[in-house]
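Trainee: The structure under discussion is supplied below as structure tokens; questions concerning it will follow.
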Amino acid sequence: MAEVAPAAPAAAAPAKAAKKKAAKPSKKTGPGASELILKAVSASKERKGLSYVALKKSLAAQGYDVEHNSAHVRRAIKTLVGKGALVQTKGTGASGSFKAKGDYTQEGCEEGGEAQSCQAQEDWR
Numbered sequence: 001m002a003e004v005a006p007a008a009p010a011a012a013a014p015a016k017a018a019k020k021k022a023a024k025p026s027k028k029t030g031p032g033a034s035e036l037i038l039k040a041v042s043a044s045k046e047r048k049g050l051s052y053v054a055l056k057k058s059l060a061a062q063g064y065d066v067e068h069n070s071a072h073v074r075r076a077i078k079t080l081v082g083k084g085a086l087v088q089t090k091g092t093g094a095s096g097s098f099k100a101k102g103d104y105t106q107e108g109c110e111e112g113g114e115a116q117s118c119q120a121q122e123d124w125r
């Protein structure tokens with residue numbers, strides 16, 4: 001029998017391909033809870049302000065998932081009251097009724113509104 005040289009190992013096995021990580025779900029685009037709250041309260045024509053329950057209904061009508069994000073809504077209300085963007089006319093904490101303190105719309109700053117109102121806009125953010 002003729003000696004047969006063992007075949008050279010085939011090309012070295014290619015390095016293992018890096019495993020692709022699953023793509024993280026992208027952060028939700030669109031306005032945050034505080035922006036939606038300000039819009040809803042500003043749009044309200046109620047003399048005594050918009051109640052917390054009515055505010056949640058308004059946010060739900062705009063397509064915001066209030067049931068799963070109720071903590072975000074409560075925190076946003078408390079923050080807006082603390083910064084002065086909202087005035088709490090009744091109740092304490094996140095419950096009660098709320099009025100917009102002034103015109104905190106972004107359009108006023110974009111259209112060349114007063115510098116003071118634009119500064120107040122940026123202060124409450």
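Last residue of the sequence shown: 125 (the UniProt record's numbering), numbering continuous.
For every residue, glycine included, the Cβ atom is placed at its ideal position computed from N, Cα and C.
Quantities reported herein were computed from a predicted structural model and do not represent experimental measurements.
1. Indicate the three-state DSSP secondary structure (helix, strand or coil) for residue 19 in the structure shown.
2. Can you list, in chain order, the residues of its chain with a C-beta nearer than 8 Å to that of residue 52? Leave out the 5 residues immediately preceding and following it.
3. Determine the DSSP secondary structure at residue 100, reduced to helix, strand or coil.
4. Please report the distance separating the alpha-carbon of residue 34 from that of residue 80.
5. Using alpha carbons as the reference points, say which of 83, 66, 3 and 87 lies closest to residue 36.
6. Does DSSP put residue 90 in a helix, in a strand, or in coil?
7. Can you have a look at residue 20 and say buried or exposed, based on whether 16 or more other CB atoms are within 10 angstroms of its CB?
8. I believe residue 82 touches residue 101 by the beta-carbon criterion, under 8 Å. Please report the beta-carbon distance rounded to the nearest angstrom.
9. Nearest to residue 29 by CA position, among 64, 41 and 68, is which residue?
10. My output table needs one value for residue 51: the three-state DSSP class, helix, strand or coil.
11. So residue 79 is in the alpha helix (DSSP H); what residue range does that whole segment cover?
Mentor: The answer reads as follows:
1. Residue 19: coil per DSSP, three-state reduction.
2. Same-chain partners within the cutoff: 77, 91, 94, 95, 96, 97 and 98.
3. Residue state, collapsed to three classes: strand.
4. Distance between residue 34 and residue 80, taken at the CA atoms: about 7 Å.
5. Of 83, 66, 3 and 87, the residue nearest in Cα terms is 66.
6. The answer is strand: DSSP assigns residue 90 an E or B state.
7. Classification for residue 20: exposed.
8. The Cβ separation is near 12 Å, so there is no contact.
9. Of the residues 64, 41 and 68, the one whose Cα lies closest to the Cα of residue 29 is 64.
10. Correct three-state label for residue 51: strand.
11. 70-83 is the extent of the alpha helix (DSSP H) around residue 79.
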